[in-house]
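Below you'll find the structure, written out as structure tokens, and then a few comments.
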Amino acid sequence: MATTTITVAPEFNSGLQSSKGKSKFTEAYIPALTTQCHASNLLLLPNGDLLCAWFGGSIEGRPDICIYMSRLAAHSSTWEEAVKMTHDHTRSEQNPVLFCVPSTGEIRLLYTSQNGGDQDSAIVKQSSSLDGGKNWSDPTVLFSDRGTFIRQPIQVLKDGAWVVPIFKCRAEPGERWLGSDDISCIRVSRDEGRTWSEIEVPNSYGCVHMNIRQLSNGTYLALYRSRWADNVYMSTSPNGLDWSEPKATILPNPNAGICFDVLPSGRVVLVYNHSSKKDAVGRRDGLYDDISDENDTRANQASKHGKEAFWGAPRAPLSIAWSDDNGLSWKWKTLEEGDGYCLTNNSEQKLNRELSYPSITIQNDGMMHIAFTFWRQRVKYVRIGEDFLN
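Position 381 (the sequence shown) corresponds to 381 in full-length UniProt numbering; numbering is contiguous.
So, in structure tokens, the structure goes:
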């Protein structure tokens with residue numbers, strides 16, 4: 001992987017710019033109100049506006065972490081100022097997911113809410129907007145069972161059912177959650193989110209951030225982040241409900257977020273970090289070393305299923321991969337170079353240099369919109385056409 005170390009941050013310009021030396025490559029940095037920005041999610045609205053939500057605050061896991069949002073209006077060349085969306089300063093609120101209800105145009109914002117660094121305490125909240133994301137309802141609890149996490153968009157199946165990919169952050173009593181026993185499930189609703197049922201993905205230990213898309217042949221593909229920091233995993237389904245056991249792809253993964261979508265041509269496009277624990281120069285004792293409580297007497301989570309979660313593999317380069325056979329084989333190239341240093345989440349001292357947690361959404365004409373974490377200081381936005389892959 002790349003070993004380039006960048007030590008000086010670029011100018012964080014919110015206006016769209018064509019990058020020098022990168023053909024058909026437009027980029028911008030989305031305005032921020034906080035020291036740290038992470039885990040962005042994009043939604044393209046029917047009127048052409050593009051929404052981006054993320055979480056921000058001082059350091060992930062602290063109770064000042066809230067959800068923020070910005071808009072790139074259709075035909076505009078500048079991202080609007082960020083707006084604070086959540087205001088519960090007793091919990092860390094993370095991983096926003098945006099969804100537009102097909103039948104009504106209502107926009108829903110889903111996000112996780114947890115106590116400090118304990119992801120096994122997380123619940124899922126939601127709020128909604130009836131005017132294109134300008135005004136929002138007060139938040140309510142969507143999933144109240146502790147340890148429920150989301151990251152990826154809702155998928156509407158061929159029969160109209162809604163599917164929310166979730167992963168369960170699990171730890172035994174007296175253990176500090178580290179991610180070694182996490183599994184993936186889907187929550188299914190056939191009444192536009194009023195009631196839900198659950199289906200577990202078989203043998204999905206360590207496979208999280210399940211991302212579901214329908215393929216051009218009508219079947220469904222899911223890709224996963226790996227807690228083991230080895231590879232991107234994949235599984236398939238004929239109907240979006242019954243999933244095969246996840247299997248490793250040839251693409252690496254450093255225990256960091258991924259996101260994929262399908263182009264009008266049928267080509268599957270994935271944005272991810274082309275790195276793994278093989279590239280690591282050290283490891284971290286879990287995700288939240290920066291906010292660890294010295295009075296916390298719990299033991300670290302033991303290894304599960306013969307493995308343990310790996311934290312600290314470099315989250316760079318940020319790469320884009322594509323498959324013309326529904327995920328069986330892949331080609332890839334780099335979107336953004338860097339050393340991806342993430343042995344700390346510390347944004348107050350600007351120590352983190354990860355290029356991570358991408359979100360991708362695709363227009364009907366094949367234009368790809370991508371957002372990702374830039375050193376946890378900003379969310380960076382990139383726009384490219386399919387010809388960028390050639």
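All C-beta atoms, glycine included, are put in the ideal place defined by N, C-alpha and C.
Item to check | Beta-carbon spacing of Pro165, Asn211 below 8 angstroms | outcome: In this structure, Pro165 places its C-beta atom within 8 angstroms of the C-beta atom of Asn211.
Checklist entry - Run through DSSP, which three-state label would Glu200 get? => result strand
Checklist entry - Under the DSSP definition of a beta bridge, which residues are partnered with Asn390? => result In DSSP, Asn390 forms no bridge with anything.
Checklist entry - Which ranges does the beta strand (DSSP E) cover as unbroken runs of at least 3 residues, wholly within the segment 70-100, from first to last along the chain? => result 92-100
Checklist entry - Among Gln377, Phe388, Ala371, Asp387, which residue has its Cα nearest to the Cα of Glu11? => result Gln377
Checklist entry - Taking the Cβ atom as the reference point for each residue, do Tyr35 and Ser347 lie within a distance shorter than 8 angstroms? => result Per the sequence shown, the amino acid found at residue 35 is Thr instead of Tyr. Taking 8 angstroms as the Cβ cut-off, Thr35 and Ser347 qualify as a contacting pair.
Checklist entry - Which residues bound the beta strand (DSSP E) around Gln119? => result Unbroken beta strand (DSSP E) run through Gln119: 118-129.
Checklist entry - Along the chain, which unbroken stretches of the beta strand (DSSP E) at least 3 residues long are found entirely within the segment 161-234? => result 162-168, 183-189, 197-200, 207-214, 220-226
Checklist entry - Roughly how many whole angstroms lie between the Cα atoms of Phe149 and Ala74? => result Between Phe149 and Ala74, the alpha-carbon positions lie close to 32 angstroms from each other.
Item to check | Alpha carbon of Glu81 to alpha carbon of Leu33, nearest angstrom | outcome: 9 angstroms
Checklist entry - Where do the N-terminal and C-terminal ends of the beta strand (DSSP E) with Thr334 fall, by residue? => result 331-336
Checklist entry - Can the beta-carbon of Ala39 be found closer than 8 angstroms to that of Asp120? => result no
Checklist entry - In angstroms, rounded to a whole number, what distance separates the CA positions of Gln155 and Val163? => result 5 angstroms
Checklist entry - What do you get for Tyr205, buried or exposed, if any count of 16 or more other CB atoms within 10 angstroms of its CB means buried? => result buried
Checklist entry - Excluding five sequence neighbours on each side, which residues of the same chain lie with their C-beta closer than 8 angstroms to the C-beta of Glu106? => result Cys100, Ser128, Ser129, Leu130
Checklist entry - Looking at the unbroken beta strand (DSSP E) that takes in Tyr341, where does it start and where does it end? => result Segment: none, Tyr341 is in no beta strand (DSSP E) and carries neither H nor E.
Checklist entry - Looking only at DSSP bridge pairs, what is Glu27 linked to? => result Its beta-bridge partners are Gln17, Val382.
Next on the checklist: Would Asp182 and Val208 qualify as a contact pair, given that the criterion is a beta-carbon distance under 8 angstroms?
Outcome noted: For the 8 angstroms CB-CB criterion, Asp182 and Val208 form a contact.
Checklist entry - Less than 8 angstroms separating the beta-carbons of Gly340 and Ser235? => result no
Item to check | Residue burial classification, Ile250 (beta-carbon count within 10 angstroms, cutoff 16) | outcome: exposed
Checklist entry - Using the beta-carbon count (16 or more within 10 Å), is Pro46 buried or exposed? => result exposed
Item to check | Backbone CA spacing between Ala53 and Asn239 [nearest angstrom] | outcome: 29 angstroms
Checklist entry - Counting pairs of beta carbons, one from the segment 278-298 and one from the segment 211-223, are three or more of them closer than 8 angstroms? => result no
Checklist entry - Rounded to whole angstroms, how far is the Cβ of Pro317 from the Cβ of Glu337, which I believe are closer than 8 angstroms? => result Indeed they touch by this definition, with Cβ atoms about 5 angstroms apart.
Item to check | Selected residue, minimal CA-CA separation from Leu241, among Asn300, Trp136, Leu157, Glu354 | outcome: Leu157
Checklist entry - Between the Cα of Ser356 and the Cα atoms of Arg213, Tyr381, Gly117, which residue gives the shortest distance? => result Tyr381
Next on the checklist: I need the straight-line Cα distance from Asn231 to Ile186, nearest angstrom please.
Outcome noted: In a straight line, the C-alpha of Asn231 is about 21 angstroms away from that of Ile186.
Item to check | Chain-order list of residues whose beta-carbon lies under 7 angstroms from that of Arg227 (same chain, five-residue window excluded) | outcome: Gly179, Ser180, Asp182, Gly206, Val208, Asn255, Ala309
Item to check | Beta-carbon proximity list for Val141, same chain, < 7 angstroms, skipping 5 on both sides | outcome: Ile123, Lys125
Checklist entry - Since Lys277 contacts Ala248 with CB under 8 angstroms, what's their CB separation in whole angstroms? => result Wrong, their Cβ atoms sit about 13 angstroms apart, outside the cutoff.
Checklist entry - Roughly how many angstroms separate the alpha carbons of Glu245 and Ser237, rounded to a whole number? => result 10 angstroms
Item to check | Buried versus exposed call for Asp118 [16 or more other C-beta atoms within 10 Å across all chains shown] | outcome: The Cβ neighbour count for Asp118, taken over all protein chains shown within 10 Å, is at least 16; the residue is labelled buried.
Item to check | Leu328, buried or exposed, once every other Cβ within 10 Å from all chains shown has been counted against 16 | outcome: Per the 10 Å Cβ criterion, exposed.
Item to check | Spatially closest choice to Asn135 from Asp387, Ser70, Phe372, by CA coordinates | outcome: Ser70
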